[in-house]
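Reading through the C-alpha coordinates given below for one structure.
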Amino acid sequence: MKTSLDSIRNINLYQKKAGYRFTIDSVLVADFVRKLKPHNIADIGAGNGVIGILLAKKFTESRVSLIEIQKGLYELCKKNIAINGLGDRVSAYNLDAAEIDGLNPFTPSSFDVIVSNPPFRKQRTGRISPYDEKAVARHEIRMDLDRLMYATDYLLRPRGNMYIIYHPERTADLFEKMRDVHIEPKRARFIHPDINTESRMVLVEGIKTARASIKIEKPLFIYNSNEYTQEVRDILG
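Each residue of the sequence shown is one higher than the one before, starting from 0 at the first, in numbering that gives the first Met the number 0.
Take a look at the structure:
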(Lines of atoms letter the chains of each structure in order from A and count residues from 1; the text may use other names and numbers.)
(Lines give C-alpha, C1' and ligand atoms only; values in the text may rest on other atoms or scores of the structure.)
Protein backbone atom coordinates (compact mmCIF):
# COMPACT_ATOMS: atom_id res chain seq x y z
CA MET A 1 0.00 0.00 0.00
CA LYS A 2 1.76 3.13 -1.23
CA THR A 3 0.87 6.23 0.74
CA SER A 4 1.67 9.91 0.71
CA LEU A 5 1.95 12.21 3.71
CA ASP A 6 -0.07 15.36 3.12
CA SER A 7 -1.01 18.41 5.16
CA ILE A 8 -4.30 20.29 5.42
CA ARG A 9 -4.94 23.13 7.84
CA ASN A 10 -3.18 22.13 11.06
CA ILE A 11 -3.00 18.36 10.58
CA ASN A 12 -0.92 15.79 8.70
CA LEU A 13 -2.49 12.80 6.99
CA TYR A 14 -1.31 9.58 5.44
CA GLN A 15 -3.47 8.62 2.48
CA LYS A 16 -3.15 6.19 -0.38
CA LYS A 17 -1.55 7.40 -3.57
CA ALA A 18 -4.17 5.47 -5.56
CA GLY A 19 -7.78 4.95 -4.51
CA TYR A 20 -9.57 6.91 -1.78
CA ARG A 21 -8.15 10.36 -1.02
CA PHE A 22 -9.87 13.12 0.91
CA THR A 23 -11.28 16.15 -0.93
CA ILE A 24 -12.19 19.69 0.05
CA ASP A 25 -15.65 18.34 1.02
CA SER A 26 -14.19 16.89 4.22
CA VAL A 27 -12.64 20.21 5.22
CA LEU A 28 -15.88 22.07 4.49
CA VAL A 29 -18.03 19.81 6.66
CA ALA A 30 -15.54 20.05 9.55
CA ASP A 31 -15.65 23.84 9.26
CA PHE A 32 -19.49 23.73 9.19
CA VAL A 33 -19.66 22.22 12.70
CA ARG A 34 -20.81 24.94 15.09
CA LYS A 35 -21.61 22.99 18.25
CA LEU A 36 -20.22 24.67 21.37
CA LYS A 37 -17.86 22.47 23.40
CA PRO A 38 -19.06 19.01 22.36
CA HIS A 39 -17.96 16.22 24.70
CA ASN A 40 -18.22 13.24 22.34
CA ILE A 41 -18.04 13.35 18.54
CA ALA A 42 -18.53 10.40 16.17
CA ASP A 43 -17.42 10.46 12.54
CA ILE A 44 -19.41 7.77 10.71
CA GLY A 45 -17.66 6.55 7.58
CA ALA A 46 -14.46 8.25 8.64
CA GLY A 47 -12.30 7.31 5.64
CA ASN A 48 -8.72 8.13 6.61
CA GLY A 49 -9.94 10.17 9.59
CA VAL A 50 -9.62 13.66 8.13
CA ILE A 51 -12.92 15.09 9.44
CA GLY A 52 -12.66 13.66 12.93
CA ILE A 53 -9.03 14.70 13.30
CA LEU A 54 -9.81 18.24 12.13
CA LEU A 55 -12.59 18.36 14.73
CA ALA A 56 -10.28 17.05 17.45
CA LYS A 57 -7.97 19.99 16.69
CA LYS A 58 -10.92 22.40 16.56
CA PHE A 59 -12.43 21.22 19.86
CA THR A 60 -9.44 20.53 22.06
CA GLU A 61 -11.37 18.97 24.94
CA SER A 62 -13.61 16.68 22.87
CA ARG A 63 -13.29 12.93 22.49
CA VAL A 64 -13.67 11.71 18.91
CA SER A 65 -14.60 8.25 17.60
CA LEU A 66 -13.71 7.39 14.00
CA ILE A 67 -16.00 4.64 12.69
CA GLU A 68 -14.84 3.07 9.42
CA ILE A 69 -16.03 -0.17 7.83
CA GLN A 70 -13.10 -0.58 5.41
CA LYS A 71 -10.09 -2.26 6.97
CA GLY A 72 -7.45 -0.42 4.96
CA LEU A 73 -8.89 3.00 5.74
CA TYR A 74 -9.29 2.04 9.40
CA GLU A 75 -5.56 1.28 9.51
CA LEU A 76 -4.86 4.73 8.04
CA CYS A 77 -7.10 6.27 10.71
CA LYS A 78 -4.91 4.74 13.39
CA LYS A 79 -1.73 6.02 11.75
CA ASN A 80 -3.20 9.49 11.36
CA ILE A 81 -4.33 9.62 14.97
CA ALA A 82 -0.78 8.78 16.03
CA ILE A 83 1.04 11.19 13.73
CA ASN A 84 -1.14 14.05 14.97
CA GLY A 85 -0.53 13.18 18.62
CA LEU A 86 -4.21 12.59 19.40
CA GLY A 87 -4.13 9.09 20.85
CA ASP A 88 -5.44 10.30 24.20
CA ARG A 89 -8.67 11.71 22.72
CA VAL A 90 -9.30 10.07 19.35
CA SER A 91 -10.03 6.37 18.75
CA ALA A 92 -10.69 4.38 15.57
CA TYR A 93 -13.11 1.47 15.19
CA ASN A 94 -13.34 -0.98 12.29
CA LEU A 95 -17.12 -1.39 12.41
CA ASP A 96 -20.27 -1.41 10.31
CA ALA A 97 -22.16 1.57 11.72
CA ALA A 98 -25.49 -0.18 11.16
CA GLU A 99 -24.45 -2.93 13.60
CA ILE A 100 -23.13 -0.64 16.30
CA ASP A 101 -25.87 -1.06 18.90
CA GLY A 102 -24.65 -2.96 21.93
CA LEU A 103 -20.98 -2.75 20.97
CA ASN A 104 -18.56 -1.29 23.53
CA PRO A 105 -18.00 1.66 23.95
CA PHE A 106 -21.07 2.78 21.98
CA THR A 107 -24.13 3.27 24.15
CA PRO A 108 -27.45 4.88 23.23
CA SER A 109 -27.62 8.69 23.22
CA SER A 110 -23.94 9.03 24.17
CA PHE A 111 -22.75 11.53 21.52
CA ASP A 112 -23.26 15.28 21.22
CA VAL A 113 -22.23 15.44 17.57
CA ILE A 114 -22.43 13.04 14.64
CA VAL A 115 -20.61 14.02 11.46
CA SER A 116 -20.50 12.23 8.12
CA ASN A 117 -19.39 12.54 4.52
CA PRO A 118 -21.28 9.44 3.35
CA PRO A 119 -21.63 7.84 -0.07
CA PHE A 120 -24.37 9.65 -1.98
CA ARG A 121 -24.67 7.81 -5.29
CA LYS A 122 -27.14 4.95 -5.50
CA GLN A 123 -25.87 1.63 -6.77
CA ARG A 124 -25.93 1.24 -10.55
CA THR A 125 -25.84 5.01 -11.08
CA GLY A 126 -22.87 6.91 -12.49
CA ARG A 127 -19.39 5.54 -13.05
CA ILE A 128 -18.13 3.33 -10.25
CA SER A 129 -14.46 3.74 -9.44
CA PRO A 130 -12.19 0.76 -10.21
CA TYR A 131 -10.66 1.28 -6.75
CA ASP A 132 -12.77 -0.58 -4.19
CA GLU A 133 -12.22 1.91 -1.35
CA LYS A 134 -13.15 4.87 -3.53
CA ALA A 135 -16.20 3.05 -4.90
CA VAL A 136 -17.47 2.27 -1.40
CA ALA A 137 -16.85 5.88 -0.33
CA ARG A 138 -18.97 7.32 -3.16
CA HIS A 139 -21.61 4.66 -3.97
CA GLU A 140 -24.11 3.09 -1.55
CA ILE A 141 -22.41 -0.30 -1.60
CA ARG A 142 -21.87 -0.82 2.14
CA MET A 143 -23.52 2.32 3.56
CA ASP A 144 -26.73 4.09 2.62
CA LEU A 145 -28.96 6.72 4.26
CA ASP A 146 -31.02 4.12 6.14
CA ARG A 147 -27.93 2.59 7.74
CA LEU A 148 -26.42 5.98 8.49
CA MET A 149 -29.60 7.26 10.12
CA TYR A 150 -30.00 4.07 12.14
CA ALA A 151 -26.56 4.56 13.65
CA THR A 152 -27.11 8.29 14.14
CA ASP A 153 -30.43 7.76 15.89
CA TYR A 154 -28.81 5.21 18.20
CA LEU A 155 -25.78 7.31 19.10
CA LEU A 156 -27.05 10.90 19.14
CA ARG A 157 -28.53 12.31 22.33
CA PRO A 158 -31.68 14.48 22.29
CA ARG A 159 -30.76 18.02 21.19
CA GLY A 160 -27.55 16.65 19.75
CA ASN A 161 -26.32 17.84 16.37
CA MET A 162 -25.77 15.97 13.11
CA TYR A 163 -23.58 17.46 10.35
CA ILE A 164 -23.49 15.96 6.88
CA ILE A 165 -22.36 16.85 3.36
CA TYR A 166 -24.47 15.35 0.59
CA HIS A 167 -25.47 15.66 -3.04
CA PRO A 168 -28.10 18.39 -3.61
CA GLU A 169 -30.16 16.19 -5.95
CA ARG A 170 -30.87 13.95 -2.96
CA THR A 171 -31.64 16.70 -0.44
CA ALA A 172 -35.30 15.64 -0.26
CA ASP A 173 -34.26 12.04 0.48
CA LEU A 174 -31.85 13.25 3.14
CA PHE A 175 -34.42 15.43 4.90
CA GLU A 176 -37.00 12.63 4.82
CA LYS A 177 -34.60 10.11 6.36
CA MET A 178 -33.47 12.61 9.00
CA ARG A 179 -37.04 13.28 10.05
CA ASP A 180 -37.78 9.55 10.19
CA VAL A 181 -35.40 9.42 13.19
CA HIS A 182 -36.57 12.75 14.67
CA ILE A 183 -33.59 14.77 13.47
CA GLU A 184 -34.87 18.11 12.21
CA PRO A 185 -32.91 19.85 9.43
CA LYS A 186 -32.04 23.26 10.89
CA ARG A 187 -29.36 24.75 8.65
CA ALA A 188 -28.29 24.18 5.04
CA ARG A 189 -25.67 25.70 2.78
CA PHE A 190 -25.35 24.85 -0.91
CA ILE A 191 -21.85 24.59 -2.37
CA HIS A 192 -21.15 25.75 -5.94
CA PRO A 193 -17.94 25.39 -7.95
CA ASP A 194 -18.36 29.05 -8.97
CA ILE A 195 -21.02 31.73 -9.27
CA ASN A 196 -22.16 30.48 -12.70
CA THR A 197 -22.47 26.78 -11.87
CA GLU A 198 -25.28 24.93 -10.12
CA SER A 199 -24.75 23.45 -6.69
CA ARG A 200 -22.69 20.26 -6.52
CA MET A 201 -22.93 19.54 -2.76
CA VAL A 202 -24.91 20.73 0.25
CA LEU A 203 -23.94 21.05 3.92
CA VAL A 204 -26.73 20.25 6.39
CA GLU A 205 -27.02 20.55 10.16
CA GLY A 206 -29.80 18.72 11.99
CA ILE A 207 -30.82 18.71 15.64
CA LYS A 208 -32.47 15.72 17.28
CA THR A 209 -35.97 16.38 18.68
CA ALA A 210 -35.91 20.04 17.58
CA ARG A 211 -38.86 21.99 16.22
CA ALA A 212 -39.35 22.35 12.48
CA SER A 213 -37.61 25.36 10.90
CA ILE A 214 -34.58 25.70 8.68
CA LYS A 215 -32.15 28.46 7.78
CA ILE A 216 -30.78 28.43 4.23
CA GLU A 217 -27.42 30.17 4.40
CA LYS A 218 -25.81 32.09 1.56
CA PRO A 219 -24.16 29.88 -1.08
CA LEU A 220 -20.54 28.88 -0.76
CA PHE A 221 -18.56 29.40 -3.97
CA ILE A 222 -15.32 27.45 -4.30
CA TYR A 223 -13.63 29.25 -7.18
CA ASN A 224 -13.40 32.75 -8.60
CA SER A 225 -11.51 32.98 -11.91
CA ASN A 226 -9.89 29.57 -11.37
CA GLU A 227 -8.62 30.50 -7.92
CA TYR A 228 -10.10 29.68 -4.53
CA THR A 229 -12.41 32.38 -3.21
CA GLN A 230 -11.25 34.28 -0.16
CA GLU A 231 -13.75 32.43 2.03
CA VAL A 232 -12.45 29.04 0.91
CA ARG A 233 -8.85 30.17 1.41
CA ASP A 234 -9.78 31.19 4.95
CA ILE A 235 -11.41 27.80 5.57
CA LEU A 236 -8.38 25.93 4.25
CA GLY A 237 -6.12 28.05 6.43
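Don't be surprised by glycine CBs; every beta carbon is placed ideally from N, CA and C.
In this structure, Asp143 is the residue among Ala97, Asp143, Glu197, Ile68 with its C-alpha nearest to the C-alpha of Asp172. In terms of Cβ geometry, Gly48 and Leu27 do not form a close pair [threshold 7 Å]. In this model, Ala150 and Gly205 are separated by some 15 Å (Cα to Cα). Assignment of Phe58 by DSSP, reduced to helix, strand and coil, places it in the coil class.
With a cutoff of 7 Å on beta-carbon distance, Ile82 and Asn9 are scored as not near each other. Rounded to the nearest angstrom, the gap between the Cα atoms of Tyr153 and Val89 is 20 Å.
Taking a cut-off of 8 Å on C-beta distances, the stretch 197-211 touches the stretch 161-171, as three or more cross pairs fall below it.
Contact between Tyr19 and Gly46 is confirmed by a C-beta separation of about 6 Å, below the 8 Å threshold. Inclusion of Asp42 and Val114 in the CB contact set at 7 Å is warranted, their separation being smaller than that value. Membership of Gly46 in any beta strand (DSSP E) is not indicated, and neither H nor E is assigned to it by DSSP.
Straight through space, the alpha carbons of Arg188 and Ile163 are spaced by roughly 11 Å. Taking a 10 Å sphere around the C-beta of Leu235, we find fewer than 16 other C-beta atoms and assign the residue as exposed. Linking Ser6 to Glu216 through their CA atoms gives a straight-line distance of about 29 Å. Taking C-beta atoms under 8 Å as the contact rule, Leu54 and Ala29 qualify, at a distance of about 6 Å. Cβ-Cβ separation between Gly44 and Phe110: approximately 15 Å, too far for a contact (criterion under 8 Å).
The beta carbon of Thr228 lies closer than 7 Å to those of Phe220, Ile221, Tyr222 in the same chain, with the five residues before and after it left out. DSSP places Pro167 in the helix class (H, G or I) of the three-state scheme.
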